[in-house]
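Quick note, the sequence shown lines up with residues -21 to -1, 1 to 62 if you use mature numbering (1 follows the signal peptide of the UniProt record, and there is no 0). Positions of the beta carbon are idealized from the N, C-alpha and C atoms, including for glycine. Single-structure report; data block below.
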Amino acid sequence: MLSRLAILPLCLLLAACSKLTQENYARLEAGMPRAEVEALLGKPTQCSGALGLSSCTWGDSERYVSVQFAGDQVLLFSGKGLR
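Structure representation (C-alpha cells):
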C-alpha cells in the first residue's frame, strides 16, 4: 500500500513535466526544422509518410500535437487538449 502511495506523486510530477503544452505549441512555426520540433516536443509517438512528406503525432487521442513535414521542415501543425 505504501509503495502505491509513493507512485502517485511521481505520476503527477511526470504529467506536469509534459512537453505537450500550449506554450510549446505556440513556439511551432512553418518552416521550422524537424530537429527543432523534436527538441521542443521530444520524440514523436508515431510518424508516417511517403514521397518526402510525413506526419508525426505527439500524445494520444485526447491530448496531442500533430505536425506535417515537407522534407525536414514544418508545413502544417495542429493540436488538441493542450494546457
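Is any beta-carbon of chain B found at less than 9 Å from that of A5?
The structure shown contains no chain B; it holds only a single protein chain.
Using the three-state DSSP reduction, which class does L32 fall into: helix, strand or coil?
Along the sequence shown, one-based indexing puts residue 32 at 53. The three-state reading of DSSP puts L32 in strand, counting E and B together.
Strictly by DSSP, which residues pair up with A49?
In the sequence shown, counting from the first residue as 1, residue 49 sits at position 70. Looking at the DSSP assignment, A49 forms a beta bridge with L32, Q52.
Start and end of the alpha helix (DSSP H) containing L19?
Against the sequence shown, residue 19 aligns to sequence position 40. It spans 13 to 20 - the alpha helix (DSSP H) in which L19 sits, taken as one unbroken run.
For the alpha helix (DSSP H) holding E41, just list the boundary residues, first then last.
Position 62 of the sequence shown, counted from the start, is the residue given in the question as residue 41. Note, E41: premise wrong, no alpha helix (DSSP H); not H, not E.
Among F48, V53, R62, T(-1), which one has its Cα closest to the Cα of L30?
Taking the first residue of the sequence shown as 1, we reach residue 30 at position 51. The shortest Cα separation from L30 among F48, V53, R62, T(-1) belongs to F48.
Distance between D39 and Q1 (C-alpha atoms, nearest Å)
The residue given as residue 1 occupies position 22 in the sequence shown. The residue given as residue 39 occupies position 60 in the sequence shown. Rounded to whole angstroms, Q1 to D39 spans 15 Å at the Cα level.
Can you tell me which residues form a DSSP beta bridge with S57?
Residue 57 sits at position 78 when you count from the first residue of the sequence shown. As a beta-bridge residue in DSSP terms, S57 pairs with S45.
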